[in-house]
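> Residue numbers (our numbering): 3 to 65. Where is the CB? At the ideal position from N, CA and C, for every residue including glycine. Nothing here was measured: the structure is a model prediction, and the numbers come from that model. Pasting in a structure now, in structure tokens, and then I'll have a few things to ask.
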């Protein structure tokens, strides 16, 4: 799925549905067990560690 810049979204679901897992992938706090995550047109698996703080500053996540 794709989220447009400046848009707001929320996740709902029952316990164990994967909400926290998905948010961790978006916030680069976890790695996918399959597939790929692209943030700002960049493959998250190929981002250098030094780039993570800047990308995280551009994303707002509230638990």
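1. Quick check: what's the CA-CA separation for residue 41 versus residue 61?
2. Between the Cα of residue 59 and those of 30, 6 and 21, spot the shortest distance and give me the residue it belongs to.
3. Compute the Euclidean distance between the alpha carbons of residue 36 and residue 46, then round it to the nearest angstrom.
4. Taking C-alpha atoms, which residue in 44, 22 and 4 lies nearest to residue 65?
In terms of the structure at hand:
1. 10 Å
2. Out of 30, 6 and 21, 30 has the C-alpha closest to the C-alpha of residue 59.
3. 13 Å
4. Comparing Cα positions, the closest option is 22.
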